[in-house]
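Report on the following structure.
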Amino acid sequence: MKAQLDELVAAYKKAHKVELADEIEKKCSGDLKALLLAKLGKGQEKKKQQKPAEKPRQSQERSSQGKT
1 MKAQLDELVA AYKKAHKVEL ADEIEKKCSG DLKALLLAKL GKGQEKKKQQ
51 KPAEKPRQSQ ERSSQGKT
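Letter 17 of the sequence shown, counting from 1, is numbered 17 in the UniProt record's numbering, and no numbers are missing.
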């Protein structure tokens, strides 16, 4: 099974000139994305590269500034 998956990944890269895992990362989301990346052995690597959480929005800051 692993050998077949490796062949598929190599064939995808040869045909499309991009990594299959990168395409999955861009075009899938949620559980499907997690499942496919885990099958490729890329789930944990991609998770570590995610951006940190966003800062609170200005509208939240403004509402707390008016209260003193």
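All residues carry an ideal CB built from backbone N, CA and C; glycine is no exception.
* To do: Determine, using beta carbons only, whether Ala21 and Leu35 come nearer to each other than 7 angstroms.
  => no
* Environment of Leu37 [buried if 16+ CB atoms lie within 10 Å] -> buried
* Asked: Just how far apart, CA to CA, sit Ser29 and Glu23?
  -> 11 angstroms
* To do: Grab the span of the alpha helix (DSSP H) containing Glu25 for me, first residue to last.
  => Leu20 to Lys27
* **Inter-residue spacing [alpha-carbon to alpha-carbon] between Glu19 and Gln4** => 16 angstroms
* Where does Leu40 sit, in a helix, a strand or coil, going by DSSP? -> coil
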